[in-house]
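Enquirer: Below is a structure I'd like to ask you about.
2 protein chains.
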Amino acid sequence: MRLCFIGDSLVNGTGDPTCLGWVGRVSASARRRGHDLTVYNLGIRRDTSVDIAARWQEETARRLPADDDGRLVFSFGANDCLTANGAPRVAADASLAHARAVLAPAARRHPTLMLGPAPLYVGDAGPRVGLLSRAFAALCGELGVSFLDLYTPLSAIGLWRLETSIGDGAHPGAAGYALIADLVEGWPPWRQWFGE
Amino acid sequence: MRLCFIGDSLVNGTGDPTCLGWVGRVSASARRRGHDLTVYNLGIRRDTSVDIAARWQEETARRLPADDDGRLVFSFGANDCLTANGAPRVAADASLAHARAVLAPAARRHPTLMLGPAPLYVGDAGPRVGLLSRAFAALCGELGVSFLDLYTPLSAIGLWRLETSIGDGAHPGAAGYALIADLVEGWPPWRQWFGE
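If you're matching them up, the sequences are chains S and U in order.
So the first sequence is numbered by the working numbering: it starts at 3 and just counts up by one.
So the second sequence is numbered by the working numbering: it starts at 3 and just counts up by one.
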């Protein structure tokens, strides 16, 4: 199985001293359970839904041969909510349009999962992330793409806020990435990919 | 510092149960020594020098903002040497032309390092890898790009051959990736990037 993880800095694992991020953690765990995986981490810092829409097809097509079992995991949206020049970098309705333009064709081509954006503590962006996460959940429901809400559970965990606040307000350390990995590992759609 | 590692399956870390590969190992080690790194792993299985030449500029430009300290580490060539339809997938003179077309502009744009291909044990490709590694070393000398010979030291390590032979002949396990990481960590041009 070949998996492409497409998203922003949280997919990249930015700030994790182990250089695993949640992607490395869930992938190594699947390998320990006996599954043969090839993992392509396509997280890019500061990427918005606009950036993801522009590159996902080309970058995943290079990595997923037609004769292999390719899978897609998306996670983005937090950077859309950051304030630039007094407004969100990408307005919510545009974020939703871009997410639809990505997820609908992706899900027709490969088994596809979507993780919502995680809570961040940068300027006034925080509440917008929660709203966008709920809107993404509704969109994914409509498209038949399984959606994992990170915003709600991570907002309730003090360690998440503590680690991201010690950092730059958006990126946790090793413990925060382990928290995300735990949420993914406990998510039935992820386990079902491995027949578990 | 933002680093792009561009190459083939050995850059990707294919077959490593820890999902770190040598890229994750040397990056986590640099973080432990106090350096702030963002790492983009752009290794793709089966990529030849032709594939690298076609994608490196676009994929690294998306990941290295002009106002940040971007660095490039290349490693490719082994897939060029694999036999397909009775001949190497890419002939040696073409491999060299593609490597030149990649490394010359890369080194003008960012600090750039090149690692040679590692020994593999697939069909009759093995000796060709050794020859191509030497040719790449000469090319890099001409271009002023520091080159790390993996072929010579790894060929002399029984554990490398053992692990790759247990696997598919081309990919080691965790110990083999740790061997590459050790060679990179002991390489002065790599350490000099961090002022060490």
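Beta carbons are placed, not taken as given, at the ideal position from N, Cα and C, and that holds for glycine.
All values reported here derive from a predicted model rather than from experimental measurement.
Checking 8 Å against the spacing of the C-beta atoms, do arginine 4(U) and leucine 66(U) come in under that value?
Expert: yes
Enquirer: Which residues does DSSP list as the beta-bridge partners of leucine 117(U)?
Expert: Ser77(U) and Leu150(U)
Enquirer: Out of curiosity, what's the CA-to-CA distance linking isoleucine 54(U) and glycine 171(U)?
Expert: 22 Å
Enquirer: Tell me, please, whether the segment 48-63 of chain S touches the segment 16-36 of chain S by the rule of three or more beta-carbon pairs shorter than 8 Å.
Expert: no
Enquirer: Is it true that the segment 180-197 of chain S meets the segment 28-48 of chain S, where meeting means three or more beta-carbon pairs spaced less than 8 Å apart?
Expert: Verdict: yes, contact present.
Enquirer: Per DSSP, what kind of secondary structure is phenylalanine 7(U) in: helix, strand or coil?
Expert: strand
Enquirer: Proline 174(U) CB to nearest chain S CB: under 8 Å?
Expert: Not an interface residue.
Enquirer: Indicate the three-state DSSP secondary structure (helix, strand or coil) for alanine 139(U) in the structure shown.
Expert: helix
Enquirer: Is the beta carbon of leucine 98(S) closer than 8 Å to that of arginine 91(S)?
Expert: no
Enquirer: Evaluate alanine 30(S) with the Cβ neighbour count: other Cβ atoms within 10 Å of its Cβ, from every protein chain shown; 16 or more gives buried, anything less gives exposed.
Expert: buried
Enquirer: Select from Ala176(S), Met116(S) and Leu141(S) the residue whose C-alpha is nearest the C-alpha of alanine 94(S).
Expert: Leu141(S)
Enquirer: Is glycine 125(U) close to chain S, meaning its C-beta is less than 8 Å from at least one C-beta of that chain?
Expert: no
Enquirer: Which same chain residues, not among the five before or five after valine 41(S), have their C-beta less than 6 Å away from its C-beta?
Expert: For valine 41(S), same chain residues with a beta-carbon under 6 Å away, outside a window of 5 residues either side, are Leu5 and Ser29 in chain order.
Enquirer: Do asparagine 87(S) and the ligand ATP come close, with the Cβ less than 7 Å from some heavy atom?
Expert: Annotation note on the ligand ATP: not contained in the displayed structure, which lists no ligands.
Enquirer: One question on the structure: do glycine 79(S) and tyrosine 179(S) come within less than 8 Å of each other, judged by their Cβ atoms?
Expert: no
Enquirer: Reducing DSSP to helix, strand and coil, say where leucine 84(U) ends up.
Expert: coil
Enquirer: Along chain S, in chain order, which residues have C-beta atoms closer than 7 Å to that of serine 29(U)?
Expert: Cys21
Enquirer: Suppose you measure from the CA of alanine 96(U) to the CA of proline 190(U); what does that come to, to the nearest Å?
Expert: Taking the straight line joining both Cα atoms gives about 30 Å.
Enquirer: Going by DSSP, what residues sit across from valine 41(S) in a beta bridge?
Expert: Leu5(S)
Enquirer: Given that threonine 16(U) touches chain S, what residues does it touch there, using C-beta distances under 8 Å?
Expert: Thr40
Enquirer: Whose C-alpha, out of Ser11(U), Pro113(U), Gln59(U) and Ala56(U), is nearest the C-alpha of glycine 72(U)?
Expert: Closest in alpha carbon position to glycine 72(U), among Ser11(U), Pro113(U), Gln59(U) and Ala56(U), is Pro113(U).
Enquirer: Roughly how many angstroms lie between the CA atoms of arginine 111(U) and valine 75(U), to the nearest whole one?
Expert: Cα-Cα distance, rounded: 13 Å.
Enquirer: At a CB-CB cut-off below 7 Å, which residues of chain S make contact with asparagine 43(U)?
Expert: Asn43
Enquirer: By DSSP, does glycine 72(U) sit in helix, in strand, or in coil?
Expert: The DSSP-derived three-state label of glycine 72(U) is strand.
Enquirer: Count the other CB atoms, across all protein chains shown, that sit within 10 Å of the CB of arginine 48(U); report buried if there are 16 or more and exposed otherwise.
Expert: Burial call: exposed.
Enquirer: If I'm right that glutamate 165(U) touches proline 174(U) with Cβ under 8 Å, what's the distance once you round it to whole angstroms?
Expert: 4 Å
Enquirer: Under 7 Å Cβ to Cβ from alanine 177(S), same chain only, skipping five residues before and after it: list those, please.
Expert: Cβ within range, chain order: Leu161 and Glu165.
Enquirer: Verify the CB distance criterion: does glycine 9(S) have a CB-CB separation below 8 Å to chain U?
Expert: no
Enquirer: Less than 8 Å between CB atoms is the rule here; does arginine 102(U) satisfy it with respect to chain S?
Expert: no
Enquirer: Measure from the alpha carbon of alanine 1(U) to the alpha carbon of each residue in Gly26(U), Pro119(U), Ile182(U) and Ala183(U), then state which is nearest.
Expert: Here chain U covers residues 3 to 198 and nothing more, so residue 1(U) does not appear.
Enquirer: Closest to asparagine 87(U) by CA distance: which of Ala103(U), Ala101(U), Asp126(U) and Gln59(U) is it?
Expert: Asp126(U)
Enquirer: What would DSSP say about proline 1(S), mapped onto helix, strand or coil?
Expert: Absent from the model: residue 1(S). The displayed extent of chain S is 3 to 198, so no value can be given.
Enquirer: Output the distance between the C-alpha atoms of leucine 1(U) and valine 147(U), rounded to the nearest integer angstrom.
Expert: There is no way to answer for residue 1(U), as the model of chain U reaches only from 3 to 198.
Enquirer: Please work out which residues of its chain come closer than 6 Å, Cβ to Cβ, to tryptophan 192(S), disregarding the five sequence neighbours upstream and downstream, and give them in chain order.
Expert: Val186
Enquirer: Taking the straight line between their C-alpha atoms, what separation do you get for arginine 33(U) and alanine 89(U)?
Expert: 43 Å
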